[in-house]
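Below: the structure, in structure tokens.
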Amino acid sequence: MIGYSGVMGIWDLLFPARCLGCQRIGEYLCAECVNTIQEIREPICAVCGKNSIGGQTHSRCAKPWGMDGLVASFNHRGVGRKLVTAYKYQMVADARKTLGELIISLAALEYLPQRAWELAAVPLHSRRERWRGFNQSLLIAQQVAAATGWGLIDPLVRVRQTKTQQGLSRKARLSNIQGAFALREGGRLNNKHVLLVDDVWTTGATMRECAKVLKRAGAQTVWGLAAARPEGIKKV
Ligand SMILES: [Zn+2]
Ligand SMILES: [Zn+2]
0 MIGYSGVMGI
10 WDLLFPARCL
20 GCQRIGEYLC
30 AECVNTIQEI
40 REPICAVCGK
50 NSIGGQTHSR
60 CAKPWGMDGL
70 VASFNHRGVG
80 RKLVTAYKYQ
90 MVADARKTLG
100 ELIISLAALE
110 YLPQRAWELA
120 AVPLHSRRER
130 WRGFNQSLLI
140 AQQVAAATGW
150 GLIDPLVRVR
160 QTKTQQGLSR
170 KARLSNIQGA
180 FALREGGRLN
190 NKHVLLVDDV
200 WTTGATMREC
210 AKVLKRAGAQ
220 TVWGLAAARP
230 EGIKKV
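Residues 0 to 235, numbered by numbering that gives the first Met the number 0, are exactly what the sequence shown covers, in order.
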């Protein structure tokens with residue numbers, strides 16, 4: 000009988016782990032390449048995309064159903080970008096650092112105001128999650144919850160399967176994502192402080208749409224936590 004480890008052994012021989020950054024054989028992410036991942040030090044406003052102290056939404060940008068703030072851990076470039084992509088397709092199950100660990104080790108969480116946060120992952124559509132086998136944002140949220148002791152809730156469902164946001168214009172992204180999320184049955188959020196988790200922040204259309212649903216369900220505060228975002232984007 001060929002056991003699981005026997006199969007893995009053959010797999011490892013045929014496809015040895017290679018570093019995502021430098022292609023060296025040995026591990027999926029070597030120590031040197033981890034160090035090239037750039038930490039984000041200048042938080043931006045979740046509405047206008049311009050710099051904002053601590054990631055807090057500017058008072059002029061704040062809306063009743065809008066996000067209250069945003070933090071992101073590292074730049075979505077180079078090795079950081081490759082790690083996010085590989086994670087999405089579960090190619091780096093044993094990478095030196097997972098996205099959750101990177102978030103925990105970098106400064107993003109320190110920018111957050113002190114609250115009794117409840118982490119909530121941006122959901123995938125059930126069909127896509129079945130196909131992929133997992134939701135990468137939920138894995139991140141679970142790791143952050145375990146490290147911080149914050150709660151983990153699952154208030155949202157994706158009711159509409161959307162096209163990938165990649166390559167769409169700002170306007171097309173907005174109409175693509177509108178109405179894509181709904182509140183899970185019985186999921187009232189009275190006065191909760193929700194920290195929405197996603198792997199990548201690009202234009203923020205997805206998180207802003209989730210925030211709208213959460214605020215309408217009674218959430219007091221909604222901040223976003225993204226593992227990565229491209230730094231230098233001024234306009235969302
Ligand atoms: Zn490397
Ligand atoms: Zn703003």
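Ideal placement from N, C-alpha and C gives every residue a C-beta, glycine not left out.
Is residue i helix, strand or coil when you go by DSSP?
{"i": "I39", "result": "coil"}
{"i": "W236", "result": "Outside the displayed span of the chain (0 to 235) sits residue 236, for which this structure offers no information."}
{"i": "R207", "result": "helix"}
{"i": "E100", "result": "helix"}
{"i": "R157", "result": "strand"}
{"i": "G186", "result": "coil"}
{"i": "Q55", "result": "strand"}
{"i": "S168", "result": "coil"}
{"i": "L19", "result": "coil"}
{"i": "K233", "result": "Caution is warranted here: a pLDDT of 49 is assigned to K233, below 50, making its placement in the model unreliable, and no coordinate value can be reported."}
Can you pull the DSSP bridge partners for residue i?
{"i": "T220", "result": "H192"}
{"i": "F73", "result": "E38, A227"}
Can you check which of these residues, the options, is closest to residue i by C-alpha distance?
{"i": "T35", "options": "C18, S51, A181", "result": "C18"}
{"i": "G217", "options": "G65, L173, N74", "result": "G65"}
{"i": "T97", "options": "A140, W130, D67", "result": "A140"}
{"i": "Y86", "options": "K49, V46, G132", "result": "G132"}
{"i": "R127", "options": "V156, G148, W149, G150", "result": "V156"}
{"i": "G53", "options": "I102, A107, F14, R23", "result": "A107"}
{"i": "L101", "options": "E184, F14, L138, I176", "result": "L138"}
Could you tell me whether the Cβ atoms of residue i and residue j are closer together than 7 Å?
{"i": "V196", "j": "L224", "result": "yes"}
{"i": "P63", "j": "S51", "result": "no"}
{"i": "L105", "j": "S58", "result": "no"}
{"i": "G186", "j": "P229", "result": "no"}
{"i": "G148", "j": "E117", "result": "no"}
{"i": "C44", "j": "C60", "result": "yes"}
{"i": "D198", "j": "V83", "result": "yes"}
{"i": "L182", "j": "V212", "result": "yes"}
If residue i sits next to residue j, beta carbons under 8 Å apart, how far is it from one beta carbon to the other, in whole angstroms?
{"i": "Q142", "j": "G79", "result": "The pair is not a contact, with the Cβ atoms about 17 Å apart (cut-off 8 Å)."}
{"i": "D67", "j": "T220", "result": "5 Å"}
{"i": "R172", "j": "Q160", "result": "Wrong, their Cβ atoms sit about 15 Å apart, outside the cutoff."}
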